[in-house]
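Comments concern the structure below.
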DNA sequence: CAATATTATTTGCAGTTACAAATAATATTG
DNA sequence: CAATATTATTTGTAACTGCAAATAATATTG
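Residue numbers (this note's numbering), protein chains in the order written: chain A, 8 to 157; chain B, 8 to 157.
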């Protein structure tokens, strides 16, 4: 097996570069990378219970609970307890959360655009499609359970 | 901007799934994900100074120093001080390090193979090529410096 | 060649992360 | 409907991470 063709390696180094390149813009508004993932998810998909948000952001649910603590302290989100089921907590963007998200979004868009400067539209579409397909080919945290359940 | 087509999102969730799916095999031999990245890198590219290893694994160099502490304690690697330049420390796999790597490798290969089960050879080649191209389109940690240097 | 600058790695420290257990609520079942 | 199981989130804790400063060595320069 060659490192340069090993998918986890190729994916990880791209992910780390995205983070590194995004960091200056995030620092400017005092938002860390995890909080940024929560911000876009909420901005685009609307208020979510913690569990759904965990799936959406790929952040471990107990880590996410702490990320939400930080964000709540900064008034970026609020926890709405027991809207339909009192066990779940709906997380909503605040006005400030929306504002901050909209301040960051142009940087994010520019960074993404810059990263695929040399891509044709077809290549870009293919990359997105193949990344989605790859995701579906993986098991996620329920790998063990999935396998046992057959 | 749509979340489902946003590259950092697509890449991050694939990366997290790779980690989640790999974790059981790593736990079995008591190796964490960062150490695993170091193991494959050294196994395939040979002994490296810390800085080069940091680039190769996308692990922050100061974090890497601590990862190497753990690995050294487990006798997976050794630090060879001042081979050519006494400032640098060459990191080498130990026999045990090689052994453990070879115990994990089949799981890693199987996981990768399983993740692309539905891919044609052409799709797989395209994905790898586009991920490499995407990586090159990103700036890495020197983004600021690069930009200033023009 | 002493003083200063540069390069490579480690360490202090203040957070962040994730497992497992605890808490809190709803759902099931005998 | 009380007892038990299940679902959703938080919290205790121990380890991990990354920035910035410290250390340690080589390279440059006046």
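Just so it is clear, CB atoms sit at the ideal spot from N, CA and C, and this is done for glycine as well.
Is residue i close to chain A, meaning its C-beta is less than 8 Å from at least one C-beta of that chain?
i: residue 130 of chain B; result: yes
i: residue 146 of chain B; result: yes
i: residue 119 of chain B; result: yes
i: residue 12 of chain B; result: yes
i: residue 21 of chain B; result: yes
i: residue 51 of chain B; result: yes
i: residue 105 of chain B; result: no
i: residue 80 of chain B; result: no
i: residue 74 of chain B; result: no
i: residue 112 of chain B; result: yes
i: residue 140 of chain B; result: yes
i: residue 46 of chain B; result: no
How close, in whole Å, do the beta carbons of residue i and residue j come, if the pair is a contact with beta carbons under 8 Å?
i: residue 8 of chain A; j: residue 116 of chain B; result: 6 Å
i: residue 145 of chain A; j: residue 28 of chain B; result: 6 Å
i: residue 95 of chain A; j: residue 56 of chain A; result: 4 Å
i: residue 125 of chain B; j: residue 140 of chain A; result: 7 Å
Looking at residue i: is its Cβ nearer than 8 Å to the Cβ of residue j?
i: residue 84 of chain B; j: residue 98 of chain B; result: yes
i: residue 38 of chain B; j: residue 60 of chain B; result: no
i: residue 17 of chain A; j: residue 135 of chain B; result: yes
i: residue 65 of chain B; j: residue 52 of chain A; result: no
i: residue 2 of chain A; j: residue 50 of chain A; result: No statement about residue 2 of chain A is possible, as the shown extent of chain A runs from 8 to 157 and does not include it.
i: residue 21 of chain B; j: residue 142 of chain A; result: yes
i: residue 86 of chain A; j: residue 75 of chain A; result: yes
Have a look at the options and flag the residue whose alpha-carbon is nearest the alpha-carbon of residue i.
i: residue 90 of chain A; options: A:24, A:54 and A:19; result: A:54
i: residue 41 of chain A; options: B:41, B:62, B:24 and B:19; result: B:19
i: residue 112 of chain A; options: A:68, A:52, A:10 and A:33; result: A:33
i: residue 15 of chain B; options: A:63, A:11 and A:56; result: A:63
i: residue 105 of chain A; options: A:82, A:25, A:67 and A:68; result: A:82
i: residue 35 of chain A; options: A:114, A:71 and A:139; result: A:114
i: residue 129 of chain A; options: B:88, B:127, B:137 and B:43; result: B:137
i: residue 68 of chain B; options: B:58, B:30 and B:80; result: B:58
i: residue 47 of chain B; options: B:80, B:109, B:26 and B:70; result: B:109
i: residue 25 of chain A; options: A:127, A:120 and A:147; result: A:120
Under a CB-based cut-off of 8 Å, is residue i close to chain B?
i: residue 15 of chain A; result: yes
i: residue 39 of chain A; result: no
i: residue 36 of chain A; result: no
i: residue 124 of chain A; result: yes
i: residue 27 of chain A; result: yes
i: residue 65 of chain A; result: yes
i: residue 137 of chain A; result: yes
i: residue 59 of chain A; result: no
Runs of 4 residues minimum, wholly inside the region 76-142 of chain A: which ones carry the alpha helix (DSSP H) assignment? For the region 76-142 of chain A, whole alpha helix (DSSP H) runs of length 4 or above, ordered along the chain, are 102-122.
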